[in-house]
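Last residue of the sequence shown: number 153 in our numbering, and the count goes up by one each step with no gaps. Quick reminder that beta carbons are idealized off the backbone N, C-alpha and C, glycines included.
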Amino acid sequence: MLDRILRLFEDTETDSQRREHDIRLAAAALLVEVARADHDHLEEEASAIAELLVETLELENAEVQALLERAGSAVENATSLYEFTRLINDHYAPDDKRELVASMWRVAYADGDLDKYEEHIIRRVAELIYLPHADFIRSKHDAAGLRDA
Numbered sequence: 005m006l007d008r009i010l011r012l013f014e015d016t017e018t019d020s021q022r023r024e025h026d027i028r029l030a031a032a033a034l035l036v037e038v039a040r041a042d043h044d045h046l047e048e049e050a051s052a053i054a055e056l057l058v059e060t061l062e063l064e065n066a067e068v069q070a071l072l073e074r075a076g077s078a079v080e081n082a083t084s085l086y087e088f089t090r091l092i093n094d095h096y097a098p099d100d101k102r103e104l105v106a107s108m109w110r111v112a113y114a115d116g117d118l119d120k121y122e123e124h125i126i127r128r129v130a131e132l133i134y135l136p137h138a139d140f141i142r143s144k145h146d147a148a149g150l151r152d153a
């Protein structure tokens, strides 16, 4: 009996870890989607994504590289943004959503040039995760260095 109860907790922990992995993968995939939007996957954007994942997810470089490989595969096999944004909506608080969109802007501006396709992806994600338009604009201006301090 005690073994069955302990297994329940182990399964819950495994489910929790799997869910956390899926959420991280969704966030990484959205960052990769921005980098690929202009069909010019540059080193600056890849570096920005890796830095953001280390910074926000507190992962080691090897873990980040593995996550980025899985995210790249997920983006290639995805049929829409919904499969990623659904997880974000289900598990991110409003502040986390703002941080995600701000990170997407940082990736878009990493090469010094904002492409219309990058902006379109970010705008679409912001809409799908129900980020208020004011937060969308504010994070864009912050990333571009246009907003007053």
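- Three or more Cβ pairs closer than 8 Å define a contact, and the segment 85 to 92 falls short of that threshold against the segment 39 to 47.
- Bounds of the alpha helix (DSSP H) holding A138 are H137 to A148.
- Per DSSP, L118 lies in no alpha helix (DSSP H) and is assigned neither H nor E.
- Rounded to the nearest angstrom, the Cβ distance from T89 to I133 is 5 Å, consistent with a contact under 8 Å.
- Judged by DSSP secondary structure, S51 falls within the alpha helix (DSSP H) whose first and last residues are E47 to L61.
- In terms of Cβ geometry, L71 and L56 do not form a close pair [threshold 8 Å].
- Buried is the label assigned to R110, since at least 16 other Cβ atoms lie within 10 Å of its Cβ.
- Closest in C-alpha terms to F140, from the list D115, A106 and Y121, comes A106.
- The C-beta of K120 has fewer than 16 other C-beta atoms within 10 Å across all chains shown, which makes the residue exposed.
- In this structure, L29 places its C-beta atom within 8 Å of the C-beta atom of A78.
- The closest CA to that of M108, considering only E49, H137, N81 and R22, is found on E49.
- Cβ atoms of L104 and D26 stay farther apart than 8 Å, at about 15 Å.
- Annotation for E80: the continuous alpha helix (DSSP H) segment containing it runs N65 to N81.
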